[in-house]
Every structure is written in structure tokens, then in C-alpha cells.
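Chemist: Under our numbering, think of the first position of the sequence shown as 375, with each following residue one higher. Idealized CB from N, CA, C, for every residue including glycine. The structure displayed is predicted, hence computed values, not measured ones.
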Amino acid sequence: MFDYRLFIFCTAMTGVSFFIGRMGHFLFYGFKQLRVER
375 MFDYRLFIFC
385 TAMTGVSFFI
395 GRMGHFLFYG
405 FKQLRVER
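#1: Contact criterion: CB-CB distance below 8 Å. Does glutamate 411 meet it with respect to chain C?
#2: Can you tell me whether phenylalanine 392 is helix, strand or coil according to DSSP?
#3: Hey, how far is the Cα of glutamate 411 from the Cα of tyrosine 378?
#4: Determine the DSSP secondary structure at phenylalanine 400, reduced to helix, strand or coil.
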């Protein structure tokens with residue numbers, strides 16, 4: 375029997391981690407640009 379809850383949980387965690395990774399990279403790049411401008 376396939377446990378769809380586990381599959382949904384893994385997919386959700388992967389999406390959240392990917393989204394946080396992209397947002398963290400974007401914020402870090404923006405902060406570095408602000409430091410360069412100042």
C-alpha cells in the first residue's frame with residue numbers, strides 16, 4: 375500500500391527547502407549589492 379501522505383510531505387519539504395534556498399540566495403545577493411553601493 376502506497377502512503378500518499380509521506381509522498382506529499384516529502385514533496386512539500388522539497389519545495390519549501392528549494393523556495394527558502396532561492397529566497398536566501400536572492401536576499402544575500404541583494405545585501406551584497408547594497409554593501410557595494412555604499
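Modeler: Considering the structure as presented:
#1: Among the chains in the structure shown there is no chain C, since it carries only a single protein chain.
#2: helix
#3: 49 Å
#4: helix
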